[in-house]
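Each residue of the sequence shown is one higher than the one before, starting from 4 at the first, in the numbering used here. The beta-carbon is built from N, C-alpha and C at its ideal position, and this holds for glycine as well. Presented below is the structure to which this report refers.
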Amino acid sequence: MCNLYSITTNQAAISALFRVVNRYVGNLAPMPGVFPDYKAPIVRNGAEGRELATARWGMPSSAHALMEATKKRAAKLVRPLPPRLI
(Lines of atoms letter the chains of each structure in order from A and count residues from 1; the text may use other names and numbers.)
(Lines give C-alpha, C1' and ligand atoms only; values in the text may rest on other atoms or scores of the structure.)
Protein backbone atom coordinates (compact mmCIF):
# COMPACT_ATOMS: atom_id res chain seq x y z
CA MET A 1 0.00 0.00 0.00
CA CYS A 2 3.02 2.30 0.22
CA ASN A 3 3.64 5.02 -2.32
CA LEU A 4 0.35 4.68 -4.16
CA TYR A 5 -0.30 8.42 -4.10
CA SER A 6 1.53 11.55 -5.14
CA ILE A 7 0.54 15.21 -5.06
CA THR A 8 1.85 17.19 -8.00
CA THR A 9 -0.76 19.93 -8.20
CA ASN A 10 -1.04 23.17 -6.22
CA GLN A 11 -3.32 24.19 -3.37
CA ALA A 12 -5.57 26.34 -5.56
CA ALA A 13 -6.31 23.42 -7.88
CA ILE A 14 -7.14 21.10 -4.97
CA SER A 15 -9.37 23.76 -3.41
CA ALA A 16 -11.20 24.34 -6.69
CA LEU A 17 -11.68 20.63 -7.40
CA PHE A 18 -13.14 19.85 -3.96
CA ARG A 19 -14.81 23.26 -3.40
CA VAL A 20 -12.81 23.90 -0.23
CA VAL A 21 -13.94 26.81 1.97
CA ASN A 22 -11.06 26.91 4.50
CA ARG A 23 -7.39 26.02 4.08
CA TYR A 24 -5.20 25.05 7.01
CA VAL A 25 -2.16 23.62 5.23
CA GLY A 26 0.13 26.65 4.81
CA ASN A 27 2.47 26.28 1.86
CA LEU A 28 1.77 22.91 0.30
CA ALA A 29 4.81 21.62 -1.54
CA PRO A 30 4.52 18.88 -4.19
CA MET A 31 4.84 15.41 -2.72
CA PRO A 32 6.19 12.79 -5.14
CA GLY A 33 5.29 10.04 -2.66
CA VAL A 34 2.64 10.06 0.06
CA PHE A 35 3.41 7.37 2.62
CA PRO A 36 1.45 5.97 5.57
CA ASP A 37 2.34 7.47 8.97
CA TYR A 38 3.35 10.79 7.40
CA LYS A 39 1.34 13.98 7.12
CA ALA A 40 -0.55 14.57 3.89
CA PRO A 41 -3.30 16.96 2.82
CA ILE A 42 -6.88 15.81 3.33
CA VAL A 43 -10.27 17.35 2.60
CA ARG A 44 -12.68 17.10 5.52
CA ASN A 45 -16.13 18.44 6.36
CA GLY A 46 -15.97 21.27 8.87
CA ALA A 47 -18.60 23.47 10.52
CA GLU A 48 -18.41 26.06 7.73
CA GLY A 49 -17.94 23.64 4.82
CA ARG A 50 -15.07 21.66 3.36
CA GLU A 51 -11.59 22.23 4.77
CA LEU A 52 -8.15 21.45 3.40
CA ALA A 53 -5.91 20.30 6.26
CA THR A 54 -2.96 17.99 6.87
CA ALA A 55 -3.24 14.78 8.85
CA ARG A 56 -1.16 11.71 9.54
CA TRP A 57 -2.78 8.79 7.79
CA GLY A 58 -2.43 5.06 7.41
CA MET A 59 -3.85 1.78 8.59
CA PRO A 60 -4.18 1.66 12.39
CA SER A 61 -2.44 -1.22 14.10
CA SER A 62 -4.07 -3.33 16.79
CA ALA A 63 -2.69 -3.26 20.33
CA HIS A 64 -1.62 -6.89 19.90
CA ALA A 65 0.37 -6.11 16.72
CA LEU A 66 2.06 -3.15 18.41
CA MET A 67 3.03 -5.28 21.42
CA GLU A 68 4.46 -8.05 19.22
CA ALA A 69 6.52 -5.52 17.24
CA THR A 70 7.82 -4.05 20.50
CA LYS A 71 8.82 -7.49 21.79
CA LYS A 72 10.68 -8.26 18.56
CA ARG A 73 12.61 -4.98 18.73
CA ALA A 74 13.45 -5.59 22.41
CA ALA A 75 14.66 -9.13 21.63
CA LYS A 76 17.15 -7.70 19.14
CA LEU A 77 18.63 -5.50 21.87
CA VAL A 78 19.29 -8.41 24.23
CA ARG A 79 22.67 -9.97 23.69
CA PRO A 80 24.59 -12.49 25.76
CA LEU A 81 27.15 -11.07 28.16
CA PRO A 82 30.78 -12.08 27.64
CA PRO A 83 32.18 -14.54 30.19
CA ARG A 84 33.69 -12.85 33.24
CA LEU A 85 37.35 -13.30 33.94
CA ILE A 86 38.20 -13.78 37.59
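- In the three-state reduction of the DSSP assignment, residue 62 falls in the coil class, being assigned neither a helical nor a strand state.
- Note: residue 88 is not bridge-paired with any residue in the DSSP secondary-structure output.
- The region 57–70 and the region 37–45 touch, with no fewer than 3 CB-CB distances between them shorter than 8 Å.
- Under the three-state reduction of DSSP output, residue 57 falls in the strand class.
- Counting C-beta atoms within 10 angstroms of its own C-beta, residue 80 has fewer than 16 neighbours from the protein chains shown and is therefore classed as exposed.
- Around the Cβ of residue 55, a 10 Å sphere holds 16 or more other Cβ atoms; the residue is buried.
- Residue 42 is bridged by DSSP to 59.
- DSSP places residue 26 in the strand class (E or B) of the three-state scheme.
- With at least 16 other beta carbons inside 10 angstroms of its own, residue 23 counts as buried.
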